[in-house]
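Enquirer:
Residue numbers (UniProt numbering): 1 to 92.
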């Protein structure tokens, strides 16, 4: 999981993905709520959520406009690893 997290957050778009993870750690959100909270375009949020979901970092429930996103159990277990990576990248 650590290698996947490094790839997700050290590559292009990693800052936005990290912000999404940080938000989802506090509570579930839908894509519109995340876009509003993070002041990002809805399509940008949807793209990053898709990447995060494909890599088993987030999970979703619901359909169409009612889809809520959560951190996956695997991500919850590795949240401290994420924080270490994020701090390391922010201090560069």
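C-beta: ideal position from N, C-alpha, C; glycine also.
(1) How many Å lie between residue 64 and residue 10 at the Cα?
(2) Could you give the C-beta distance for residue 55 and residue 4, rounded to a whole number, given that I count them as a contact under 8 Å?
(3) With distances taken from CA atoms, which of 37, 28, 89, 32 is nearest residue 76?
(4) Bridge partners of residue 29, per DSSP?
(5) Using the Cα positions of residue 46 and residue 78, report the straight-line distance between them to the nearest angstrom.
Expert: Looking at the coordinates:
(1) What you label residue 64 is simply residue 64 of the chain shown in a count that begins at 1. What you label residue 10 is simply residue 10 of the chain shown in a count that begins at 1. C-alpha of residue 64 to C-alpha of residue 10: approximately 30 Å in a straight line.
(2) Your numbering for residue 55 matches position 55 in the chain shown. Your numbering for residue 4 matches position 4 in the chain shown. Sure, about 5 Å apart at Cβ, within 8 Å.
(3) Along the chain shown, one-based indexing puts residue 76 at 76. Sorting 37, 28, 89, 32 by C-alpha distance to the C-alpha of residue 76 places 28 at the top.
(4) Taking the first residue of the chain shown as position 1, residue 29 is located at position 29. Secondary-structure assignment with DSSP links residue 29 through a beta bridge to 69.
(5) As a first step, residue 46 is located in the chain shown; it is residue number 46 there, counting from the start. As a first step, residue 78 is located in the chain shown; it is residue number 78 there, counting from the start. Straight through space, the alpha carbons of residue 78 and residue 46 are spaced by roughly 23 Å.
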